[in-house]
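I have placed the structure first, in the form of structure tokens, so that the comments after it can refer back to it.
Right, here's the structure in full:
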């Protein structure tokens, strides 16, 4: 059974169609990249895949859940990594991991230990991009959703994610 | 939502806005000191009572509410994108998140009102605790209504801000002039109606904020970024 199942998922934001009839499946262990026509489409599809926004039409199912009515359950299965880097001046690594652990109700000590291992695997990746990725992975998601990650980080992300399925969006020269 | 998640959201938001809160408290201290408290010599005790309330409540209600609105707007999308993203991607229900996000500016506004009250006290015009409660109720209601301006755009945002102004004006009018017959129970009537009004408006504001947050569109279609 696919972890992510999008069927004709469209997203309209303030009268502008950002994503139009997207259909795709992501199975356990898959690595799927969606090449978007615009930054808005890439962001909209990534957010729909992470149940952060609901499709305007069509359907998005994550695991056994419909993202429109069971978004909180969907979010337990997904680790979302936004496009924007983490402002390191505002939040250090330990503080960020504790914050994420509290939101996902994960044991602090365990989260810290897992985060340090993951950060070690991501050595070489810029911290501002590595921290959000580690934060998403400490909750042990079934699928990692990345909104326009740095193409140069692809191998490092795959190494850190391990058996976790990866769905990423790309746009323009990033693709 | 676990208490731990609630605490994490509130403390992280407060920490992120620590400079704004500090600035708000400093401003409240200054305004609390310099706010005029004197009233003209009035022999009629009922008229004097209304005049006292109108002068003494004007400062904390209007000023601290404005601060509450500013602190609520500081939670708007874009300012702290990393917190917005973390909270939105967490397995929380919209109404839980709304409650947690409403607590942070409410605490900050309470702190500002306390500093204002303390400054009044130090300047020799210690407002009665009832006045503080009235001002605080008004600040809470306005702050909760102002949160709606962070999840809407355009006309709806303007409407939310207009409702904030309306809430302060109505709360002030109720606490000062609620007793049209100027009876001996003027204070009690004023306090009761203002508190009831603020409780209802605050509840509706928070409820609407939860709805707005659940349907909030974080993507700006012009730039493609949330």
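Chains as they are written, first to last, in my numbering: chain A, 3 to 177; chain B, 25 to 250. Note that the Cβ used here is the ideal one computed from N, Cα and C, for glycine as well.
Residue i versus residue j - alpha carbon distance
i: residue 172/B; j: residue 115/A; result: 39 Å
i: residue 215/B; j: residue 194/B; result: 13 Å
i: residue 46/B; j: residue 53/B; result: 11 Å
i: residue 128/A; j: residue 198/B; result: 57 Å
i: residue 177/A; j: residue 153/A; result: Residue placement at residue 177/A is flagged as unreliable, the pLDDT there being 45, under the threshold of 50; the coordinate-derived value follows with that caveat. About 7 Å.
i: residue 107/B; j: residue 37/B; result: 8 Å
i: residue 135/A; j: residue 89/B; result: 39 Å
i: residue 64/A; j: residue 5/A; result: 5 Å
i: residue 25/B; j: residue 22/A; result: 34 Å
i: residue 12/A; j: residue 45/A; result: 12 Å
i: residue 56/A; j: residue 156/A; result: 27 Å
i: residue 185/B; j: residue 225/B; result: 14 Å
i: residue 27/B; j: residue 116/B; result: 12 Å
i: residue 102/B; j: residue 158/B; result: 33 Å
i: residue 168/B; j: residue 178/B; result: 19 Å
i: residue 29/A; j: residue 196/B; result: 60 Å
i: residue 213/B; j: residue 73/B; result: 13 Å
i: residue 170/B; j: residue 30/B; result: 21 Å
i: residue 183/B; j: residue 71/B; result: 35 Å
i: residue 166/B; j: residue 70/A; result: 31 Å
i: residue 42/A; j: residue 20/A; result: 6 Å
i: residue 187/B; j: residue 124/A; result: 49 Å
i: residue 130/A; j: residue 155/B; result: 48 Å
i: residue 9/A; j: residue 26/A; result: 7 Å
i: residue 91/B; j: residue 129/B; result: 10 Å
i: residue 85/A; j: residue 105/B; result: 11 Å
i: residue 161/A; j: residue 230/B; result: 44 Å
i: residue 34/A; j: residue 159/A; result: 13 Å
i: residue 74/A; j: residue 54/A; result: 9 Å
i: residue 232/B; j: residue 41/B; result: 24 Å
i: residue 72/A; j: residue 15/A; result: 21 Å
i: residue 122/A; j: residue 96/A; result: 14 Å
i: residue 58/B; j: residue 240/B; result: 41 Å
i: residue 82/B; j: residue 236/B; result: 31 Å
i: residue 169/A; j: residue 110/A; result: 27 Å
i: residue 153/B; j: residue 84/B; result: 12 Å
i: residue 126/A; j: residue 180/B; result: 46 Å
6 Å CB neighbourhood of residue i in its chain, flanking five on each side removed
i: residue 250/B; result: Bear in mind that the predicted position of residue 250/B carries a pLDDT of just 48, short of 50, making it too unreliable to give a figure here.
i: residue 161/B; result: 219 and 222
i: residue 56/B; result: 140, 143 and 144
i: residue 32/A; result: 167
i: residue 83/A; result: 134, 135, 138 and 148
i: residue 88/A; result: 130, 133 and 134
i: residue 217/B; result: 198 and 202
Assumed close pair residue i, residue j - CB separation to whole angstroms, cut-off 8 Å
i: residue 80/B; j: residue 151/B; result: 5 Å
i: residue 137/B; j: residue 95/B; result: About 12 Å; that fails the 8 Å criterion.
i: residue 68/A; j: residue 61/A; result: 7 Å
i: residue 48/A; j: residue 171/A; result: 5 Å
i: residue 77/A; j: residue 113/B; result: 6 Å
i: residue 78/B; j: residue 200/B; result: 5 Å
i: residue 163/B; j: residue 86/B; result: At roughly 10 Å, the Cβ-Cβ gap does not stay under 8 Å, so residue 163/B and residue 86/B are not in contact.
In DSSP terms, what residue i is bridged to
i: residue 81/A; result: 146/A
i: residue 33/A; result: 168/A
i: residue 161/B; result: In DSSP, residue 161/B forms no bridge with anything.
i: residue 67/A; result: 64/A
i: residue 8/A; result: 26/A and 62/A
i: residue 201/B; result: Paired residue(s): none; residue 201/B is not in a bridge.
i: residue 173/A; result: 38/A
i: residue 21/A; result: 13/A
Proximal residues to residue i (C-beta, below 8 Å), its chain only, five neighbours per side dropped
i: residue 140/A; result: 99, 102, 103, 106, 108, 113, 116, 117 and 120
i: residue 50/A; result: 8, 11, 13, 21, 24, 56, 57, 62 and 69
i: residue 18/A; result: 42
i: residue 43/B; result: none
7 Å CB neighbourhood of residue i in its chain, flanking five on each side removed
i: residue 143/A; result: 79, 80, 81 and 166
i: residue 111/B; result: 33 and 121
i: residue 234/B; result: 118, 119 and 122
i: residue 163/A; result: 139 and 146
i: residue 135/B; result: 45 and 49
i: residue 238/B; result: 118
i: residue 173/A; result: 38, 40, 41, 44 and 150
*Okay, do the segment 121-139 of chain B and the segment 86-97 of chain A touch, 3+ Cβ pairs below 8 Å being the bar?*
no
*Counting Cβ pairs closer than 8 Å, one from the segment 96-106 of chain B and one from the segment 32-51 of chain A, do we hit at least three?*
no
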